[in-house]
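> The opening residue of the sequence shown carries number 0 in numbering that gives the first Met the number 0; numbering runs sequentially from there.
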Amino acid sequence: MSNPSASRPSPTQESGDFYVKAAKSRAANRCCGTPDAVSASGYDEAALANAPEEAVQASFGCGDPVAFTRMGPGETVIDLGCGAGLDLIMAAERVGPEGRVIGIDASADMLALARKNVLRAGLADQVQLLEGTIEALPVGNQVADWVISNCVINLATDKAAVFQEIRRVLKPGGQAVISDLVADDLPDWVSAHQDLYSACISGAVPEHTYLALARDAGLQSPEVIGRLVYDEALVRGLITDALPLPLDEIASRLAITRQELIDMAGRDLAGCITSIKLRIARDRA
Ligand SMILES: C[S@@+](CC[C@H](N)C(=O)[O-])C[C@H]1O[C@@H](n2cnc3c(N)ncnc32)[C@H](O)[C@@H]1O
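(1) In three-state terms, what does DSSP make of A123?
(2) Return the first residue and the last residue of the beta strand (DSSP E) that P186 is part of.
(3) Is the beta carbon of K170 sitting closer than 7 Å to the one on Q141?
(4) Quick check on this structure: which residue in I255, V223, E222 and G270 has the alpha carbon closest to the alpha carbon of L233?
(5) So, is R283 buried or exposed, given that buried needs 16 or more other C-beta atoms within 10 angstroms?
(6) If you follow the alpha helix (DSSP H) that D194 is in, where does it begin and where does it stop?
(7) Excluding sequence positions up to five away, which residues of its chain have a Cβ less than 6 Å from the Cβ of A135?
(8) If G73 sits next to G98, beta carbons under 8 Å apart, how far is it from one beta carbon to the other, in whole angstroms?
(9) Does DSSP put R69 in a helix, a strand or coil?
(10) With a 10 Å radius around its C-beta and 16 neighbouring C-beta atoms as the bar for buried, classify P51 as buried or exposed.
(11) Note down the Cα distance separating N153 from T208, rounded to an integer number of angstroms.
(12) For the beta strand (DSSP E) that D144 lies in, which residues bound it at each end?
(13) Here's the rule I'm using: 16 or more other beta-carbon atoms within 10 Å means buried, otherwise exposed. How should A21 be labelled?
(14) Considering only heavy atoms of ligand 1, list every residue whose Cβ is less than 5 Å from one of them, following chain order.
(15) Would you identify the three-state DSSP class for A159, choosing helix, strand or coil?
(16) If I measure Cβ to Cβ from A87 and keep anything under 6 Å in the same chain, skipping five residues before and after, which residues do I get?
(17) Does the beta carbon of R167 sit closer than 7 Å to a beta carbon anywhere in chain C?
(18) Buried or exposed for Q163, please, with buried defined as at least 16 other CB atoms from any protein chain shown within 10 angstroms of its CB.
(19) So what does DSSP say about L253, is it helix, strand or coil?
(20) Do the region 180–187 and the region 211–222 meet, that is, are 3 or more Cβ pairs less than 8 Å apart?
(21) Could you round the C-beta distance between D179 and L244 to whole angstroms and report it? I think they count as a contact, below 8 Å.
(22) Quick one: any contact between the region 145–160 and the region 57–69, if contact means 3 or more CB pairs under 8 Å?
(23) Within the region 74–105, note down every full beta strand (DSSP E) run reaching 3 residues or more, in order along the chain.
(24) For L129, which of helix, strand or coil comes out of DSSP?
(25) If you compare alpha carbons, which of D262, A250, L218 and L128 is closest to D230?
(26) How close, in whole Å, do the beta carbons of R252 and A191 come, if the pair is a contact with beta carbons under 8 Å?
(27) In terms of residue numbering, what span does the alpha helix (DSSP H) encompassing A216 cover?
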């Protein structure tokens, strides 16, 4: 007998497809729900100037993790959920020709975009792109001086495994800098639609849970070094024009109009969603 769930895409596959669609629809570069998420995320204009426009436009991050590292020449960096590659490119500029940057993403299509952008930036010799999930990284133990990740861990269905993997792949004394969305008190209606998971909303966990998962994995000194709490305007921007959300379909499932959905989201989610920057370290043993 056939298993009806066997052909159903996993949340990881669905979120990969969602971002490929978003990258193609010019909704990109607005993931934070602001008119220009790249500058709102704090990317340094001078560093951005060297990145291909296509990588900037297809960026779906909620911060600039590279800027909060001290990565330097010759080091090895792993980017969890690299998407179309903007952070990979910025990391590769920092580590130089003697260094190595490994980008990992579950979506072959996002990796294809990243490959093109890395080639455009002339950094193909330094960057390796691997298909895989961040819950089971396709790399060996203790290979990275730095792990970075930008708005991806909220999408992982097993976040405890992600932090265990971060500890496994970091060299002793290595560090991770993560930008991500966390959320408190999300209303029940938010979990009703897969696209709100893909939009980095319903998979987000509270900050204290996020930090506890890092500590439980044996990572040390988790420190939140930046926070942006989404107010009503940011929430409205996130759901209306930052991402290709099927608002009419979501509204119809909730038996309300599109405008009522937007108003409800602005009202219910303001103050619930926060973009954080987190620094964590692996012990020296
Ligand atoms: C919000 S986008 C962020 C992409 C990139 N970090 C950036 O800043 O533009 C999320 C990315 O994570 C990938 N992804 C989602 N779940 C994943 C998982 N469990 N393992 C690996 N990649 C995943 C998606 O394919 C997508 O490219």
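Where a beta carbon is used, it is the ideal one built from N, C-alpha and C, also for glycine.
According to the data block:
(1) Here residue 123 refers to the residue found at position 124 of the sequence shown. Here A123 sits in coil by DSSP.
(2) Counted from its first residue, the sequence shown places residue 186 at position 187. Neither: P186 is in no beta strand (DSSP E) and is coded neither H nor E.
(3) Start at 1 with the first residue of the sequence shown, and residue 170 comes out as number 171. Start at 1 with the first residue of the sequence shown, and residue 141 comes out as number 142. Cβ atoms of K170 and Q141: closer than 7 Å.
(4) Along the sequence shown, one-based indexing puts residue 233 at 234. That would be G270, whose Cα lies nearest to the Cα of L233.
(5) Here residue 283 corresponds to residue number 284 of the sequence shown, with the count starting at 1. Counting the other CB atoms within 10 Å of its CB gives R283 a total below 16, which places it among the exposed residues.
(6) Translated into positions along the sequence shown, residue 194 becomes position 195. D194 -> alpha helix (DSSP H) spans Q193 to S197.
(7) Mapped onto the sequence shown, residue 135 falls at position 136. So the list is empty, once near-sequence residues are dropped.
(8) Locating residue 73 in the sequence shown gives position 74, where the first residue counts as 1. Locating residue 98 in the sequence shown gives position 99, where the first residue counts as 1. Going by Cβ atoms, the distance from G73 to G98 rounds to 5 Å, so yes, they are a contact pair.
(9) Sequence index remark: in the sequence shown, residue 69 carries index 70 (1-based). R69 falls in the coil class under three-state DSSP.
(10) The residue labelled residue 51 in the question sits at position 52 within the sequence shown. It is buried - the Cβ of P51 has at least 16 other Cβ atoms within 10 Å.
(11) For the purposes of this step, residue 153 is taken as the residue at position 154 of the sequence shown. For the purposes of this step, residue 208 is taken as the residue at position 209 of the sequence shown. Whole-angstrom Cα-Cα distance: 12 Å.
(12) Residue numbering aside, residue 144 sits at position 145 when the sequence shown is read from its first letter. That run of the beta strand (DSSP E) goes A143 to N149.
(13) Position 22 of the sequence shown, counting from 1, holds the residue named residue 21. Looking at its Cβ environment, which holds 16 or more other Cβ atoms inside 10 Å, A21 is buried.
(14) T11, S14, G15, Y18, S58, F59, G60, G80, G82, D104, A105, S106, M109, T132, I133, N149, C150, V151, L154 and A155
(15) Counting from 1 along the sequence shown, the entry for residue 159 is found at position 160. Reduced to three states, the DSSP call for A159 is helix.
(16) Here residue 87 refers to the residue found at position 88 of the sequence shown. Residue 87 is actually Leu in this sequence, not Ala. Taken in chain order, the residues that qualify are D78, C81, V100, G102 and V126.
(17) As a matter of chain content, chain C is missing from the structure shown, which is built from one protein chain.
(18) As a working note, residue 163 is residue 164 in the sequence shown. Buried: at least 16 other Cβ atoms inside 10 Å.
(19) Sequence index remark: in the sequence shown, residue 253 carries index 254 (1-based). Three-state result, L253: coil.
(20) no
(21) Reading the sequence shown from its first residue, position 180 is the one you call residue 179. Reading the sequence shown from its first residue, position 245 is the one you call residue 244. Contact flag wrong, Cβ pair sits at about 19 Å.
(22) yes
(23) The qualifying runs are 75–79 and 99–104.
(24) The residue labelled residue 129 in the question sits at position 130 within the sequence shown. Reduced to three states, the DSSP call for L129 is strand.
(25) As a first step, residue 230 is located in the sequence shown; it is residue number 231 there, counting from the start. Comparing Cα positions, the closest option is D262.
(26) As a working note, residue 252 is residue 253 in the sequence shown. As a working note, residue 191 is residue 192 in the sequence shown. Their Cβ separation, rounded to whole angstroms, is 6 Å, which keeps R252 and A191 in contact under 8 Å.
(27) Here the question's residue 216 lines up with position 217 in the sequence shown. Careful: A216 lies outside any alpha helix (DSSP H) and carries neither H nor E.
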